[in-house]
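Enquirer: In order, the protein sequence lines correspond to chains A and B. Under numbering that gives the first Met the number 0, the first residue of the first sequence is numbered 0, with each subsequent residue one higher. Under numbering that gives the first Met the number 0, the first residue of the second sequence is numbered 0, with each subsequent residue one higher. Glycine residues also receive a C-beta, built at the ideal position from the N, C-alpha and C atoms.
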Amino acid sequence: MSNTIHDMGGMHGFGPVEPEPNEPVFHAPWEGRVHAMQRVLGAAGLWSIDGGRASLETLNPATYLASTYYQRWFLGLEKRVVSYGLVGADELAAGHSLRNATPLPRKMTGADVQKPPVRGHFERPSSAPAKFKPGDRVRTVNINPATHTRLPRYARDKEGVVEAIRGCHVYPDTAALDVHNENPQWLYTVVFTGKELWGDAADPAIKVSIEAFEPYLLPA
Amino acid sequence: MAENDHDHDHSELSDIQLRVRALETILTKKGYVDPALLDQIVESYETKIGPKNGARLVARAWIDPDFKAALLKDATEAANSLGHVSPVGSHLIAVENTPETHNLVVCTLCSCYPWEVLGLPPVWYKSAPYRSRAVIDPKGVLADFGVTLPADTDIRIWDSTAETRFIVLPMRPPGTENWSEDRLAELVTRDCMIGTGVPTL
């Protein structure tokens with residue numbers, strides 16, 4: 000789902016940012032376990048990074064807001080291990096394994112961690128030349144898909160300028176639904192004025208850029 | 000009511016501890032995860048991968064114009080050329096603060112952050128207040144960090160909506176002309192490389 004609570008840019012009412020002095024990497028041991036399980040299972044190749052994000056975005060908005068970051072990761076991970084058939088809902092309820100495993104496509108090993116874990120690569124060969132070049136004026140599309148997208152609401156149907164081409168990358172909107180549907184698309188940095196995004200009262204000193212996939216853009 | 004909510008939060012927390020333990024037990028039994036491997040991952044983020052890595056890039060860029068040019072051209076390649084402790088995957092982009100423009104990095108949709116050079120993001124970076132306000136009220140956000148920019152400075156916000164990752168190259172503070180690279184690196188905090196801080200003596 001795209002029009003839900005995770006898409007927070009420009010919202011009001013959440014209060015001040017509260018930095019925590021000398022913040023620990025994990026606030027409790029279980030957070031580290033969730034982080035590590037997510038990395039290990041993420042490397043198995045069953046779902047894409049955006050499939051993982053989508054599982055958080057489809058949490059009930061009230062749950063999303065009431066949960067800490069790693070609670071959300073955990074709730075998303077629970078959903079995924081069940082929906083991808085790794086663990087049965089009955090096993091989660093029982094708290095222990097009730098049947099044998101099905102093999103994973105890939106598995107993270109100790110050698111991967113020793114490096115330590117390197118982020119995946121998301122650039123792919125292109126099948127067509129980029130439609131836009133730096134300096135081009137573009138307008139973002141007005142889309143409201145019921146499924147995952149990386150075009151935030153505040154930057155839809157807005158006019159901006161292409162600042163850079165970042166290569167051809169896995170397209171989140173399709174890869175979220177099917178890890179094999181990478182559907183690579185050109186990726187651009189597109190800059191908007193504060194006024195274009197937020198209206199006449201916007202601070203004239205601000206400009207905001209998003210990383211926009213080519214299907215998000217039309218010539219302006 | 001408030002007290003009930005409070006109790007509820009506590010039971011939720013212990014509930015999640017039990018559920019995380021149960022999930023690890025199930026996944027281990029099935030052979031999907033190895034607890035020793037999980038230990039190694041946790042340890043690497045707790046002890047090896049953090050903002051000191053990014054600070055090395057910044058300090059080197061401050062003293063070596065060729066490295067700075069390489070960093071701004073291709074930060075992934077430049078970072079990896081230092082034999083970095085955490086190899087940088089695709090696709091790191093360094094953005095330079097100047098007297099005219101201050102850069103601020105956010106991920107309004109989730110928590111995208113350059114782990115390899117800054118470690119895991121702090122809670123505030125992943126929080127609703129930061130994600131909601133950085134793109135509409137960056138000066139207010141900077142004020143929350145005690146940062147005030149000169150009135151004529153433009154602010155450029157980078158919303159990390161794809162797998163590109165951003166690190167801010169802050170301005171070298173005056174009065175550090177003869178400093179060593181190591182000493183300079185100590186000035187470069189995590190927040191300086193997100194844009195919610197500036198290096199100060």
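1. Which residue wins for smallest C-alpha separation from ARG79/A, given the options PRO60/A, SER96/A, LEU40/A and GLY94/A?
2. Would you tell me roughly how many angstroms separate the C-alpha atoms of ASN3/B and PHE66/B, rounded to the nearest one?
3. Since GLY159/A sits in a beta bridge, which residues does DSSP pair it with?
4. Would you decide whether MET0/B is buried or exposed? Buried here means 16 or more other CB atoms lie within 10 Å of its CB.
5. Given this structure, state the Cα-to-Cα distance separating ASP177/A from PRO64/B, to the nearest angstrom.
6. Anything in chain B within Cβ reach of GLU122/A, meaning under 8 angstroms, just list it in chain order.
7. Which residues, in chain order, does the stretch 37-57 of chain B contribute to contact with chain A at a C-beta distance below 7 angstroms?
8. Could you check how far apart the C-beta atoms of LEU55/A and GLY75/A are, in whole angstroms? I think they sit under 8 angstroms.
9. When the Cα of ILE164/A is compared with those of ALA175/A, PRO144/A and VAL189/A, which residue comes out closest?
10. Taking C-beta pairs closer than 8 angstroms, name the residues in chain A that LYS29/B reaches, listed in chain order.
11. Just verifying my parser: in three-state terms, what is the DSSP assignment at LEU103/B?
12. Which of the three DSSP states, helix, strand or coil, is assigned to ILE135/B?
13. Does chain B have any CB closer than 8 angstroms to the CB of ALA145/A?
14. Which parts of the stretch 14-96 of chain B are runs of the alpha helix (DSSP H), unbroken and 4 residues or longer, counting only runs that do not cross its ends?
15. Can you tell me the Cα-Cα spacing of HIS5/B and PRO28/A, whole angstroms?
16. Return the residues of the stretch 107-123 of chain B that lie within a Cβ-Cβ distance of less than 8 angstroms from chain A, sorted by chain order.
17. Report yes if the CB atom of ARG105/A is closer than 8 angstroms to the CB atom of ALA43/A, and no otherwise.
18. Strictly by DSSP, which residues pair up with PRO218/A?
19. In whole angstroms, what separates the C-alpha of LEU183/B from that of GLY53/B?
20. When you compare only the Cα positions, how much space is there between ILE222/A and ASP151/B?
21. Quick one: Cα of TYR129/B to Cα of LEU97/A, how far?
22. Does DSSP put SER54/A in a helix, a strand or coil?
23. Establish whether the CB of VAL160/A and some CB of chain B are separated by less than 8 angstroms.
24. Under a three-way DSSP split, which group does SER208/A fall into?
25. Report the option in ASN96/B, LYS29/B, LEU81/B and GLU115/B whose CA atom is closest to the CA atom of PRO149/B.
26. Between MET36/A and the rest of its own chain, which residues show a CB-CB distance below 8 angstroms, the 5 nearest in sequence each way excluded?
27. Tell whether a beta-carbon distance below 8 angstroms holds between ARG71/A and LEU91/A.
28. Could you spell out the range, first to last residue, of the beta strand (DSSP E) harbouring TYR187/A?
29. Mapping the DSSP letters down to three states, classify ARG38/A as helix, strand or coil.
30. Which residue from VAL57/B, GLY174/B and LYS28/B puts its Cα closest to that of LEU117/B?
31. Considering only the alpha carbon of each residue, which of CYS109/B, ARG155/B and PRO113/B lies closest to ILE92/B?
32. Indicate whether at least one CB of chain A lies closer than 8 angstroms to the CB of ASP181/B.
33. List, in order along the chain, the chain B residues whose C-beta lies closer than 9 angstroms to that of PHE73/A?
34. Rounded to the nearest angstrom, how far is the Cβ of VAL207/A from that of VAL134/B, given a contact under 8 angstroms?
35. I want to verify the contact list: residues of chain A whose CB lies under 8 angstroms from the CB of PHE144/B, in sequence order.
36. Using beta carbons (cut-off 8 angstroms, strictly below), is ALA200/A in contact with chain B?
Expert: Once the coordinates are examined:
1. LEU40/A
2. Residue placement at ASN3/B is poorly supported in this model, since its pLDDT is 41, which falls under 50; the coordinates still yield a value, given next. Answer to the nearest angstrom: the Cα atoms are 57 angstroms apart.
3. VAL137/A
4. Caution is warranted here: a pLDDT of 34 is assigned to MET0/B, below 50, making its placement in the model unreliable, and the coordinate value is therefore given only provisionally. Exposed, by the Cβ-count rule.
5. 44 angstroms
6. SER89 and HIS90
7. LEU37, GLN39, ILE40, VAL41, SER43, TYR44, GLU45, LYS47 and ILE48
8. 4 angstroms
9. VAL189/A
10. LEU85, VAL86, SER96, ASN99 and ALA100
11. strand
12. coil
13. no
14. 34-42, 50-62, 64-72 and 74-80
15. With a pLDDT of 44 at HIS5/B, under the threshold of 50, the modelled position of that residue is not reliable, and the figure given next carries that caveat. Spanning the two alpha carbons is a distance of roughly 22 angstroms.
16. THR107, LEU108, CYS109, SER110, TRP114, GLU115, GLY118, LEU119, PRO121, VAL122 and TRP123
17. yes
18. VAL137/A
19. 12 angstroms
20. Residue 222/A is absent from the model: chain A starts at 0 and stops at 219.
21. 43 angstroms
22. helix
23. no
24. strand
25. ASN96/B
26. LEU76
27. no
28. 184-192
29. helix
30. VAL57/B
31. PRO113/B
32. no
33. ILE15, ARG18, VAL19 and LEU22
34. 5 angstroms
35. VAL16 and PRO18
36. no
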